[in-house]
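S.K.: Residues in the sequence shown are numbered from -5 upward in steps of one, following the working numbering.
Glycine residues also receive a C-beta, built at the ideal position from the N, C-alpha and C atoms.
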Amino acid sequence: MQNIKFHNNVEMPLVGLGVYKIEDEMMDQVIESAYANGYRHFDTAQMYHNEKSLGRACKRLNVPREELLITTKIDNLNQGYEKTLKSFKQSCQDLQVDYVDQLLIHWPGQNPQRTAETWKAFEKLYEERLVRVIGLSNFTLKHIAIIEKTGNIKPMSNQIERNPLITQSELIPALQTKNIVPIAWAPLRRGNFLSDVIIKIAEKYNKTPAQIVLRWNIESNVIVIPRSKNPIRQSENMEIFDFELTESEIEAINALHTGERTSFDPVTFDF
Ligand SMILES: NC(=O)c1ccc[n+]([C@@H]2O[C@H](COP(=O)([O-])OP(=O)(O)OC[C@H]3O[C@@H](n4cnc5c(N)ncnc54)[C@H](OP(=O)(O)O)[C@@H]3O)[C@@H](O)[C@H]2O)c1
């Protein structure tokens, strides 16, 4: 497994496991099989209402805390300085941890003051060493500019929807120029990622279409956090480090872009 470094030198594996929609009764076995398959980074959010289940499942692994990386995200309605700090404390309790590896602002919304205040709370948590990596999610360059103007610490990551239908071809290089690590959410387009182009490339490498889509991400130094409950697919999603796509294959996948999202458009979404 290859790691990627944030601008503060903390490292994270290029492949992690998303746990959105993993129900309480499934969580223990999903995390157990993911750990056995080599996953060390688990991505949750206050919004998923499964931090408690993830915390319990991680405890059950009975491994040193430092072996695991846990990401969570501040819910939209918990934004603002005080609410961020209070809800972070609750997240730590639910996750049964005394620090979180990565904390993200889940959605930017359209209120610059709220964004700036939330980031101030992130900086405090970072300075108190309660969070190792502070970052963003669903931020456009316009939203990032608010933090660049008002914050003291530069964001380290931005988790955005990225798959062959929404390639983020402008945002990703712009983030990387700013030393912000891009993380692809819904890298498998929530299970709807098939196309003739991808199937053909998969046949050439004797890989599955999912592996091609994930490989396409990591070749651009984009972290992926595919979700799977299925141990065989968990393992499959990790087996992407033994081949390389050609430039023309990468371009053929890029050309599938239509801009279609599976969720809100951060340019307009507010709360
Ligand atoms: N920041 C944000 O706003 C945001 C938004 C959405 C998601 N996320 C994060 O990103 C993670 C990933 O996104 P997601 O869960 O929405 O969707 P996803 O990872 O793109 O897709 C998950 C779906 O793909 C299937 N799948 C997994 N591996 C497969 C394979 N090798 N072949 C075929 N199908 C496969 C899974 O089914 P099985 O379980 O049956 O394998 C599941 O139905 C989330 O879990 C969450 O942590 C963040």
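For residue 34, is the beta carbon positioned less than 6 Å from some heavy atom of ligand 1?
M.R.: no
S.K.: Can you check the stretch 221 to 253 for any alpha helix (DSSP H) of at least 4 residues that lies completely inside it and give the ranges in chain order?
M.R.: 225 to 232 and 241 to 248
S.K.: Ignoring anything shorter than 4 residues, give me the alpha helix (DSSP H) runs that lie fully in the stretch 82 to 134, in order along the chain.
M.R.: Runs of the alpha helix (DSSP H) inside the stretch 82 to 134: 106 to 121.
S.K.: For residue 266, which residues of its own chain have a beta-carbon under 7 Å away from its beta-carbon, when the five flanking residues on both sides are left out?
M.R.: Because the chain here runs from -5 to 265, residue 266 falls outside it and cannot be looked at.
S.K.: Would you call residue 228 buried or exposed, if buried means 16 or more other Cβ atoms sit within 10 Å of its Cβ?
M.R.: buried
S.K.: Should residue 152 and residue 117 be called a contact, given that it needs their Cβ atoms to be closer than 7 Å?
M.R.: no
S.K.: Excluding sequence positions up to five away, which residues of its chain have a Cβ less than 7 Å from the Cβ of residue 106?
M.R.: 140
S.K.: Please determine if the stretch 22 to 38 and the stretch 189 to 203 are in contact, where contact requires at least 3 C-beta pairs separated by less than 8 Å.
M.R.: no
S.K.: Output needed for residue 237: all residues of its chain with C-beta closer than 6 Å, excluding positions within five of it in sequence on either side, in chain order.
M.R.: 199
S.K.: Where does residue 151 fall in DSSP's three states?
M.R.: Judged by DSSP in its simplified three-state form, residue 151 adopts strand.
S.K.: Would you mind listing the alpha helix (DSSP H) stretches within the stretch 156 to 222 that are 4+ residues and don't spill past its ends, in chain order?
M.R.: 165 to 171, 190 to 199 and 203 to 212
S.K.: Examine chain B for any beta-carbon lying closer than 7 Å to the beta-carbon of residue 118, and answer yes or no.
M.R.: Among the protein chains of the structure shown there is no chain B, as only one such chain exists.
S.K.: Give the range of the beta strand (DSSP E) segment to which residue 62 is assigned.
M.R.: That residue, residue 62, is in no beta strand (DSSP E); it is neither H nor E in DSSP.
S.K.: What first and last residue would you give for the alpha helix (DSSP H) that runs through residue 20?
M.R.: 18 to 30
S.K.: Based on DSSP bridge pairs, tell me the residues matched to residue 6.
M.R.: -2.
S.K.: When DSSP builds the beta bridges, which residues end up paired with residue 138?
M.R.: Beta-bridge pairing links residue 138 to no other residue.
S.K.: For residue 38, which of helix, strand or coil comes out of DSSP?
M.R.: coil
S.K.: Please report the straight-line C-alpha distance between residue 218 and residue 234, rounded to a whole angstrom.
M.R.: 11 Å
S.K.: Considering Cα atoms alone, identify which of 186, 16 and 132 is closest to residue 149.
M.R.: Distances from the alpha-carbon of residue 149 to those of 186, 16 and 132 put 132 closest.
S.K.: Would the beta-carbon of residue 224 be found less than 6 Å away from any heavy atom of ligand 1?
M.R.: yes
S.K.: Ends of the alpha helix (DSSP H) at residue 257?
M.R.: No alpha helix (DSSP H) holds residue 257; DSSP gives it neither H nor E.
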